[in-house]
Structure formats: C-alpha cells, structure tokens
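See structure below.
Chains as they are written, first to last, in the working numbering: chain A, 1 to 196; chain B, 1 to 84.
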C-alpha cells in the first residue's frame with residue numbers, strides 16, 4: 001500500500017460506518033485505479049488534480065452521507081416523454097438543525113460546567129467598549145451571528161444551504177465564542193498599564 | 001469509469017465518493033442492481049462491485065434522454081434565432 005492510498009484510507013474514515021462497510025473497498029479500488037492512471041501520465045499535475053478532486057469530493061459527500069437519508073422514488077410516467085426521477089432528500093429535521101445552529105450556546109454552557117474559570121476573562125472590565133465588558137461585546141456579536149444562523153437553519157429545506165450556513169455562520173460564531181477569552185487576555189496583555 | 005471518461009472525452013471524472021453516493025441512490029431507487037456477473041471472473045480486483053440497470057432504470061434512461069433531446073433541440077432553435 002503506497003502513501004497516497006494510506007492517506008485516502010484515512011479520509012474514508014470520515015464516512016459513516018455503514019457507507020464505508022458497503023462501498024469502502026470499492027472506493028479504494030477506484031482511487032487506486034485513478035492514481036495509476038494519473039501516474040502513468042507522468043505528470044505530477046495529474047496526481048495533484050486527483051487529490052484536489054478527491055478532497056472536494058470528500059468535503060461534499062461526507063456531510064451528505066452523515067445527515068441525509070435520501071429516498072429516491074423513480075416514477076416513470078407511462079406515455080409521457082418526461083421521466084420523473086424524484087429526489088427527496090430527507091434533510092436533518094428542523095429541530096436537529098436548529099440545535100446544531102445553537103452550538104455557541106452549548107460551548108458557553110459546557111465551558112461554564114467544565115471549566116468555569118475559563119469564562120472569567122469575559123467579565124474583565126478593561127478594556128471595555130461603551131462601558132460594557134469587551135467580552136460581552138464579543139459574545140453579543142457571536143450570538144447575533146448565531147441567531148442569523150438559527151433562522152437560516154430553521155427556514156432552509158436544502159442540505160447544501162444548511163451546510164453553508166453552518167460553515168459560514170455557525171462555525172465562525174462558535175470560533176468567536178471559543179476564542180473570546182483568549183482574545184481578551186491577549187488585549188489585556190498588550191494594552192499599556194494605566195494608573196499606579 | 002474508463003468508459004465514462006471515454007464517452008465524455010475526459011470531461012467527466014467522477015471521484016469515488018460522488019460515484020458511490022450516486023450508486024447508493026440509484027440502488028435505493030431501484031434503478032440499478034448489483035450484478036454477480038463479472039467481466040473477468042479470474043482476474044481483476046475482487047473488491048470491485050458491478051451493477052446493471054434494472055428494467056425501470058432502462059426506462060428512465062430512455063425517457064430522460066428523450067426529454068433532454070427536446071430541451072436541446074429547443075435551445076438550438078433559440079440559439080439559431082440569435083444569430084444575425
């Protein structure tokens with residue numbers, strides 16, 4: 001087994017166990033075949049292109065396989081020139097999506113329970129913004145973004161937009177909540193000491 | 001996959017995840033089924049799976065191609081109308 005295949009096998013671990021059990025071997029076999037073709041071309045660019053394709057493929061298909069239980073109903077309308085291939089993606093239920101969009105809240109709650117001290121920098125008064133502890137301002141921004149994400153998650157019916165909402169709204173809001181105490185400690189560390 | 005690449009002049013190169021996710025959908029929809037027949041029973045990668053179109057799958061392909069044909073013909077007529 002070569003280095004490329006070993007890395008691809010690791011990537012496959014991201015897929016749900018059922019999908020992997022059913023198609024994992026065949027996927028590796030196909031990857032090996034594509035890798036062989038790329039190598040036989042003699043161009044390194046072809047191997048890079050294969051990897052780019054596989055990475056994008058993984059990013060797109062893994063969440064779908066985890067969250068989406070598709071039901072495809074094929075109906076062939078007799079005598080009609082139109083084949084109705086009806087795809088009914090059963091996207092995660094609204095409740096599940098909304099709960100996921102509240103991730104920043106779960107992070108704050110979990111931190112309060114597991115390491116209450118980690119929240120203390122959020123209350124640090126200097127530096128303050130408009131008389132409000134800076135940490136509160138950061139949390140307000142994060143929670144405002146989270147609220148937008150929650151509304152989008154509740155409204156969307158498409159898996160793709162749910163993924164985009166998570167990637168571009170919920171995840172950054174969560175990152176801000178996670179990093180807020182660190183940001184404040186850094187600001188305090190670099191801000192000039194006053195008084196004395 | 002080689003056939004897909006040949007049919008499309010190399011324009012379509014399916015990555016494994018996309019291919020097998022679609023195969024799963026088609027299986028769930030009853031449009032294809034797994035086949036026990038192997039082109040090369042002795043050789044070849046034994047882990048490889050083979051599929052064939054079901055009767056419903058064939059009917060869908062035929063009607064879907066006919067539908068696309070109607071769209072393409074309409075689009076070509078429209079393009080011809082654009083030319084001075």
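Glycine is no exception: its CB is placed at the ideal position from the N, C-alpha and C atoms.
The Cβ neighbour count for residue 16(A), taken over all protein chains shown within 10 Å, is under 16; the residue is labelled exposed. Counting every other CB atom within 10 Å of its CB across the protein chains shown gives residue 65(A) a total of 16 or more, marking it as buried.
When the alpha-carbon of residue 137(A) is set against those of 173(A), 47(A), 8(A), the nearest one is in 173(A).
Cβ proximity to chain A below 9 angstroms picks out 13, 14, 15, 16, 17, 18, 19, 20, 21, 23, 24 from the stretch 11-24 of chain B.
For residue 65(B) and residue 75(B), the gap between their C-alpha atoms comes out near 15 angstroms. By the Cβ rule, the stretch 177-193 of chain A does not count as touching the stretch 20-28 of chain A, because fewer than three pairs are nearer than 8 angstroms. In the structure shown, the three-state DSSP call for residue 152(A) is helix. Annotation for residue 50(A): 34, 38 place their beta carbon closer than 6 angstroms to its own, counting only its chain and skipping 5 residues before and after. Under the 8 angstroms criterion on CB atoms, residue 80(B) is classed as non-interfacial with respect to chain A. A distance below 8 angstroms separates the beta carbons of residue 142(A) and residue 104(A).
Apart from the 5 residues on each side of it in sequence, residue 4(A) sits with its Cβ closer than 7 angstroms to the Cβ of 35 in its chain, given in chain order. In this model, residue 148(A) and residue 140(A) are separated by some 12 angstroms (Cα to Cα). The Cβ of residue 46(A) sits no closer than 8 angstroms to any Cβ of chain B. Take the alpha-carbon of residue 134(A) and the one of residue 122(A): they are about 7 angstroms apart.
C-alpha of residue 12(A) to C-alpha of residue 48(B): approximately 16 angstroms in a straight line. Listed along chain A are 26, 29, each with a C-beta nearer than 7 angstroms to that of residue 48(B).
For residue 20(A), no chain B residue has a Cβ inside 7 angstroms of its Cβ, as the nearest lies near 10 angstroms away.
DSSP lists 50(B) as the beta-bridge partner residues of residue 35(B).
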